[in-house]
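J.: Sharing a structure here in structure tokens format.
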Ligand code: SF4
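Residue numbers (full-length UniProt numbering), protein chains in the order written: chain A, 1 to 217; chain B, 1 to 483.
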């Protein structure tokens, strides 16, 4: 996983609540058995005017000129500003894969759906929850000022605006640690192998019907 | 011990290790797999040189991509016309073979939607932790199992370690008191709940469903309700154990054997919230107030009763909501104040992990019996949730009722719930669907989904537009004319 410590990025505002994972990456692209290559189809139904399918020549597709990510001023954005309940719906990890593949490293919103939240941190995508009023203010600033950039300092847990204002955010310490170190959490869990073994042994004795392999504890 | 909620008990029973940073290692008893969210996880295992921790915890079946037409199904995986779908189903098959994971393959009689298959086999048991790379894993909470969807990284994590890193959620109780009216089903209950608390209302919570109306509902109805907990933002839905739970599980293939049964049942009896357990939030609905529900928008919370009207953005509580309503009306091709019963339909879909079990099909068949699908409809299809549901329905003659009425009778799979196979809506088409998500494009590019119960979907198919199923008296048949 790619580390995240501190990064400045151009902000793209996506003014819409309840952006679901079907919208982030439509189902036809989930047929891929890889983790990469989803960026061109991020927000496919919003970005293009035609229907997308897997293996298409993207360069020939008609773009929706009204969609925010198609506007030249937001090209190269790495911070996505969004509204409440971002990432609701399915558990598809293809959603954060598509966002990071496109180039986003940070999403800021008033709230996120639980599974999406989990999936994002496992893929080096930092999600920042700020209150509705603050998000609303950032929307106004990002829309008003071309080239609006935010400085995201994970270590200090602060979003720093161009005027120098520092907006603090919360992030749980385990996720922060993994993101800053770029850690693989399977490796971390396996350090507790003994604890898992002994739990499993006890569990098997107490509730043998949960195990079907015929082994006894 | 202090009094506990059902969720608290399940959490404690699976706590391997509490870490200082507030996260915990939770042991996973059952891991269900399907073809869409597992390939990258198996690849990850392979790349890291890791092996599955415990094989017998895993059970796989292909469901999202499998075709539902007999023609395509007949030749098994090789018969899947769409190449990318075929590769994905083949990849699951290869991975299960090479890692030695039990799979109900594409044409196994037990194949089906993973959330129908698990409970049907007794592979979901009270007191288990159940996970799957699919958000509707919440379904299994109907059995007092701690069940939730996970992403692909977590699929890999569970395969490799039999554990997940979790943080404890908060407790919410949604109580439905009283008795449901005739023609009002579990689907209407859960849609009404989502309408009440919103699609983010349950974020961060495990929701337990209780109250007399829930206690009266069958296991299949409880699964329908827990299935859509995720549409209320909650990863976990739960119902406490009672006789209905235990009776359902008796003699299922994966349920405890005869020697273990008594001990298991004694253990399961504890899987209810203590009478004085405290919840962080309590929501109460009256069953009598719930009418058959229909969604009009592009989020499950955009729902009203069949006798209602499409709302006016001007009446929204804030700007974001007003914009949401306006955009939804535009996408759905509806206008404010339009009557729900005036919405005309192009297609009807009865299926999905929400409503494709035998009781759902019986409910729809009861309405369809002796009637015909409206001529104005392009298609009405019934897709059973599993091979065993299909066989049961055929044994009862339900398929004949559907076929006679003009419905298509398909092979089991997810089908038009998310349209990853050939079953999908055309742009602008309205569909009455028994599935769980009415998101833009979910059932096909530009498609317009209205979520309803199986009985309401069948009635809408007959009428060509939405109707209150309570006005649809059953047509007397030889079977029902017993003097
Ligand atoms: S039926 Fe629909 S919601 Fe259920 S698992 Fe399949 S695609 Fe997902």
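Ideal placement from N, C-alpha and C gives every residue a C-beta, glycine not left out.
Only a predicted model underlies this, so the values are computations on that prediction, with no experimental measurement involved.
Indicate whether residue 31 (chain B) and residue 131 (chain B) have their beta-carbon atoms separated by less than 7 Å.
T.: Yes, they are a contact pair.
J.: Contact criterion: CB-CB distance below 7 Å. Does residue 288 (chain A) meet it with respect to chain B?
T.: Chain A is shown only over 1 to 217; residue 288 (chain A) falls outside these bounds and no answer can be derived.
J.: According to DSSP, is residue 101 (chain B) part of a helix, a strand, or is it coil?
T.: Note: residue 101 (chain B) maps to coil in three-state DSSP.
J.: State yes or no: is the C-beta of residue 352 (chain B) nearer than 6 Å to some heavy atom of ligand 1?
T.: Yes, ligand 1 has a heavy atom inside 6 Å of this Cβ.
J.: Across the region 72-87 of chain B and the region 425-434 of chain B, are there enough close Cβ pairs to call them in contact, namely three or more that are closer than 8 Å?
T.: Judged by Cβ distances under 8 Å, the region 72-87 of chain B makes no contact with the region 425-434 of chain B, as fewer than three pairs qualify.
J.: Would residue 95 (chain B) and residue 143 (chain B) qualify as a contact pair, given that the criterion is a beta-carbon distance under 7 Å?
T.: Not in contact: residue 95 (chain B) and residue 143 (chain B) (Cβ atoms no closer than 7 Å).
J.: Less than 6 Å between C-beta atoms, sequence neighbours within five positions excluded: which residues of the same chain meet that for residue 158 (chain A)?
T.: Closer than 6 Å at Cβ, skipping near neighbours: 166, 168.
J.: For residue 270 (chain B) versus residue 5 (chain B), is the C-beta spacing smaller than 7 Å?
T.: Not closer than 7 Å, so no.
J.: Just to confirm before moving on: does the CB-CB distance between residue 26 (chain A) and residue 50 (chain A) stay below 7 Å?
T.: No, they are not a contact pair.
J.: Please determine whether the Cβ atom of residue 88 (chain A) lies at a distance below 6 Å from any heavy atom of ligand 3.
T.: Only ligand 1 can be found as ligands here, which leaves ligand 3 out of the picture.
J.: Could you tell me which chain B residues have their CB closer than 9 Å to the CB of residue 22 (chain A), listed as they occur along the chain?
T.: Neighbours of residue 22 (chain A) on chain B, chain order: 418, 437, 439, 440, 441, 442.
J.: Given this structure, state the Cα-to-Cα distance separating residue 102 (chain B) from residue 29 (chain B), to the nearest angstrom.
T.: About 15 Å.
J.: Keeping to the same chain, check which residues put their C-beta closer than 6 Å to that of residue 249 (chain B); ignore five residues upstream and five downstream.
T.: The answer, listed in chain order, is 122, 255.
J.: For a contact defined as C-beta to C-beta under 8 Å, what are the partners of residue 157 (chain B) on chain A?
T.: The contacting residues are 185, 186, 189.
J.: Distance check for residue 147 (chain A) and residue 453 (chain B), CA to CA, integer angstroms please.
T.: Approximately 49 Å between the Cα atoms of the pair.
J.: So with Cβ pairs under 7 Å, would you call residue 240 (chain B) a contact of chain A?
T.: Chain A contact via Cβ: absent.
J.: Tell me whether residue 397 (chain B) is buried or exposed, calling it buried when 16 or more other Cβ atoms sit within 10 Å of its Cβ.
T.: That one is exposed.
J.: On the DSSP bridge list, what partners appear for residue 408 (chain B)?
T.: B:381.
J.: Below 7 Å between beta carbons: does that hold for residue 438 (chain B) and residue 298 (chain B)?
T.: Yes, these two residues count as a Cβ contact at 7 Å.
J.: Can you list, in chain order, the residues of its chain with a C-beta nearer than 8 Å to that of residue 482 (chain B)? Leave out the 5 residues immediately preceding and following it.
T.: A caution first: residue 482 (chain B) carries a pLDDT of 35, below 50, which makes its placement in the model unreliable, though a value can still be read off. So no residue of the chain qualifies.
J.: Mind checking which residues open and close the alpha helix (DSSP H) that includes residue 326 (chain B)?
T.: 319-332 is the extent of the alpha helix (DSSP H) around residue 326 (chain B).
J.: Of all the residues that make up the region 118-129 of chain B, which are near chain A by a beta-carbon distance shorter than 8 Å?
T.: For the region 118-129 of chain B, which is checked against every Cβ of chain A, the residues closer than 8 Å are 125, 127, 128.
J.: Going by C-alpha to C-alpha distance, which of A:185, A:152, A:89, A:78 sits closest to residue 101 (chain A)?
T.: Residue 101 (chain A) has its Cα closest to that of A:78, out of A:185, A:152, A:89, A:78.
J.: Quick one, which of B:330, B:332, B:456, B:24 has its alpha-carbon nearest residue 536 (chain B)'s?
T.: Residue coverage of chain B in this structure runs from 1 to 483, which leaves residue 536 (chain B) outside it and unanswerable.
J.: Thinking just about the alpha-carbon of each residue, which of B:301, B:455, B:340, B:465 is nearest to the one in residue 362 (chain B)?
T.: Minimum Cα distance to residue 362 (chain B) is reached at B:455.
J.: Give a yes or no on whether the minimum CB-CB distance between residue 163 (chain B) and chain A is below 7 Å.
T.: For residue 163 (chain B), the answer is yes, since a Cβ of chain A falls inside 7 Å of its Cβ.
J.: Please tell me whether, using a cut-off of 6 Å, the distance from the CB of residue 226 (chain B) to the nearest non-hydrogen atom of ligand 1 is below it.
T.: No, Cβ of residue 226 (chain B) sits at least 6 Å from all heavy atoms of ligand 1.
J.: Does any C-beta atom of chain B lie closer than 7 Å to the C-beta of residue 99 (chain A)?
T.: Chain B contact via Cβ: absent.
J.: Should residue 465 (chain B) be listed as close to ligand 1, given that the test is whether its C-beta is under 6 Å from any heavy atom?
T.: No, the Cβ of residue 465 (chain B) stays beyond 6 Å of every heavy atom of ligand 1.
J.: Can you find a C-beta in chain A that's less than 7 Å from the C-beta of residue 27 (chain B)?
T.: Judged by the 7 Å Cβ criterion, residue 27 (chain B) is in contact with chain A.
J.: Taking Cβ to Cβ, would you say residue 133 (chain B) is nearer than 7 Å to residue 150 (chain B)?
T.: In contact: residue 133 (chain B) and residue 150 (chain B) (Cβ atoms closer than 7 Å).
J.: Cβ closer than 9 Å: which chain A residues qualify as neighbours of residue 145 (chain B)?
T.: Here the premise fails: no neighbours, minimum Cβ distance about 10 Å.
J.: Give the residues of chain B in contact with residue 151 (chain A), contact being defined as C-beta atoms less than 8 Å apart.
T.: In chain order: nothing, as chain B lies at least about 26 Å away.
J.: In angstroms, rounded to a whole number, what distance separates the CA positions of residue 369 (chain B) and residue 401 (chain B)?
T.: Going by the C-alpha atoms only, they are around 6 Å apart.
J.: Output the distance between the C-alpha atoms of residue 8 (chain A) and residue 155 (chain A), rounded to the nearest integer angstrom.
T.: In a straight line, the C-alpha of residue 8 (chain A) is about 13 Å away from that of residue 155 (chain A).
J.: Between residue 61 (chain A) and chain B, is the shortest Cβ-Cβ distance under 7 Å, so that the two count as touching?
T.: Output row for residue 61 (chain A): interface = no.
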